[in-house]
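Residue numbers (the working numbering): 97 to 440. In this text, a Cβ means the ideal position worked out from N, Cα and C, and glycines have one as well. These figures come from a predicted structure and were not determined experimentally. What follows is a short report on a single structure.
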Ligand code: PEP
Ligand code: MN
């Protein structure tokens with residue numbers, strides 16, 4: 097970190113303040129100004145306090161503010177295991193299922209057919225964030241029970257959203273992976289709670305969050321003791337209403353440079369449009385994503401939530417062979433499809 101002092105100020109008061117903060121500064125006089133270089137691996141902790149110092153004009157932070165999720169922590173990239181599935185390895189992880197768990201029949205039909213088509217995890221929301229208090233907010237525990245049962249019957253692990261820090265332990269009894277939704281990305285109590293819980297976490301990017309903010313959210317989870325984190329790019333807000341969000345695919349290779357964590361892409365929320373999900377799913381793999389999260393519904397026109405961005409079972413089935421063709425071009429593969437246990 098470099099502190100640039102105001103014109104005409106001497107470094108002595110700043111050096112004294114650094115000593116109080118248990119840091120050492122190396123002053124130098126350059127072009128008529130004093131600069132103070134500070135070595136620190138916890139810059140974010142002291143940079144704010146130094147920025148407030150009366151002699152300091154600018155603080156230039158050089159190290160990233162996160163450490164546990166930084167690329168240097170694991171230069172070859174970390175692997176996150178969720179049961180038999182591994183994020184970050186050669187196999188692409190395909191997470192598929194409805195936006196919301198609606199009823200047993202919808203879920204079991206979806207689970208059976210996405211598993212047959214090649215999905216490796218089942219998704220579905222039992223606790224749904226809803227912009228309107230009058231919108232559908234999920235079936236809660238009965239929904240989780242249906243998810244667990246459907247996952248068990250077809251042999252897929254389940255990923256589902258948790259919104260309330262007080263419900264983390266309960267949801268973790270049902271889920272194989274806990275989703276932190278875009279709207280909760282900076283719910284710091286929730287991040288700490290899933291960190292303490294230890295279940296693998298799918299951390300969606302907040303719709304107005306920078307990459308640094310996203311990685312600092314991941315750092316919260318890791319700092320609370322859980323490094324089993326997978327990032328999920330799901331699009332960010334912009335001015336153009338022709339898609340629901342702007343799917344930031346540049347984030348995929350950019351995150352790979354900054355962080356060791358695996359990253360998947362959600363082209364369903366990223367576009368909000370069924371017709372764009374397939375093309376953006378393929379583009380995501382080409383950009384280096386470790387997996388995809390795709391909303392699939394047996395009758396999208398009748399879905400309670402997000403039907404307009406959900407693929408039908410047939411559309412999902414037709415997409416997977418296309419993904420199988422893209423993956424080898426980026427040295428990845430889709431796992432071979434295993435026979436599905438019939439829904440007895
Ligand atoms: C979802 O996955 O259904 C969801 C609500 O996602 P997001 O948090 O990305 O909006
Ligand atoms: Mn949804």
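Following the DSSP letters along the chain, one finds residue 124 inside the beta strand (DSSP E) bounded by residues 121 to 126. Sorting 160, 184, 146, 194 by C-alpha distance to the C-alpha of residue 119 places 146 at the top. Only residues of its own chain outside the window of five on either side were considered, and among them 190, 416, 430, 433 have a CB closer than 7 Å to the CB of residue 214, listed in chain order. A distance below 6 Å between beta-carbons, with the five flanking residues on each side excluded, links residue 117 to the following residues of its chain, in chain order: 142.
Set against 7 Å, the gap from the CB of residue 300 to the closest heavy atom of the ligand MN is not smaller. Taking all protein chains in view, the Cβ of residue 335 is surrounded by fewer than 16 other Cβ atoms within 10 Å, so the residue is classified as exposed.
For residue 206, the enclosing alpha helix (DSSP H) covers residues 200 to 213. In this structure, the alpha-carbon of residue 123 lies about 47 Å from that of residue 177.
For residue 314, the shortest separation between its Cβ and any heavy atom of the ligand PEP does not lie below 7 Å.
Residue environment analysis places residue 200 among the exposed positions, since fewer than 16 neighbouring C-beta atoms fall within 10 angstroms of its C-beta.
Under the rule that a run must span 3 or more residues, the beta strand (DSSP E) segments found entirely inside the stretch 266 to 329 read 273 to 276, 297 to 300, 325 to 329. Every unbroken stretch of the beta strand (DSSP E) spanning 3 or more residues and falling wholly within the stretch 346 to 391 is given here in chain order: 359 to 361, 387 to 391.
Restricted to the stretch 129 to 159, the beta strand (DSSP E) segments that are unbroken, complete and at least 3 residues in length are 129 to 134, 152 to 156, listed in chain order.
Selection 231, 105, 148 evaluated against residue 401 yields 231 as nearest (Cα-Cα).
Look at residue 397: its beta carbon is at least 7 Å from all of the heavy atoms in the ligand MN. Inter-segment contact for the stretch 100 to 114 and the stretch 167 to 176 is absent: fewer than three beta-carbon pairs are separated by less than 8 Å.
Annotated three-state conformation of residue 166 is strand, per DSSP. For the ligand MN, residues qualifying as neighbours are 195, 402, where qualification means a beta carbon closer than 5 Å to at least one of its heavy atoms (chain order). Residues 101, 102, 105, 109, 110 of the same chain have their beta carbon placed closer than 7 Å to that of residue 151, with the five preceding and five following residues left out of the count. For residue 192, the closest of 225, 390, 420 by C-alpha to C-alpha distance is 390. Relative to the ligand PEP, residue 272 has its C-beta separated by 7 Å or more from all heavy atoms. Look at residue 335 here: in three-state DSSP terms it is coil, with no helix or strand label.
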